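In this note's numbering, each residue carries its 1-based index in the sequence shown increased by 11.
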Amino acid sequence: MFRKLSHLQKLEDQALTDDPAYKRILRTAIVTARNAPSHERVITTLEHWGVDANEVFFLGGMKKDRILNVLKPHMFFDDQRFHLESDAGDIPMVHIPFGVANVASHTLL
């Protein structure tokens with residue numbers, strides 16, 4: 012998924028180079044309950060994948076609803092199901108079944 016996102020961002024970079032009046036369509040925001048020092052890993056990983064984030068929010072355990080209500084994303088991805096049960100309105104939310112929080116559920120399958 013991130014390779015595709017990186018590719019789309021590069022296409023938009025090229026469109027902007029070709030036409031300085033081009034308005035970007037794709038915006039990427041990282042909203043995570045983590046805080047420092049894990050921010051370094053997030054930024055390093057995104058750079059490795061070639062993904063640029065327009066906005067990054069490290070919430071340090073705060074609920075994500077407030078940020079999502081302001082951003083109003085077209086789609087929200089999270090690796091923990093309980094973050095998908097939110098008061099953030101009718102935002103389409105997708106569970107990503109990878110990561111440390113999902114290790115136990117993989118062993119049960």
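Beta carbons are placed, not taken as given, at the ideal position from N, Cα and C, and that holds for glycine. Quick caveat, the model's predicted, so the values are computed rather than measured.
Relative to P84, the option among D90, E66 and H59 whose CA is nearest is E66. At the C-beta level, A47 and F13 stay beyond 8 Å of one another.
In its chain, beyond the 5 residues on either side, M86 have a beta carbon closer than 6 Å to the beta carbon of P103. In this structure, the CA atom of I54 is about 10 Å from the CA atom of I41.
L22 is the residue among T43, A44, R45 and L22 whose C-alpha sits nearest the C-alpha of K34. In this structure, the alpha-carbon of V81 lies about 15 Å from that of T43. Its Cα nearest to that of L37, the residue L19 stands out among G72, W60, H94 and L19.
Per DSSP, the beta bridge partners of E66 are A40. Going by beta carbons, V62 and T39 fall inside the 8 Å limit. Beta-carbon to beta-carbon, D89 and I107 are separated by about 7 Å, close enough to satisfy the 8 Å threshold.
Residue pairing of F87 in beta bridges, as defined by DSSP: M104.
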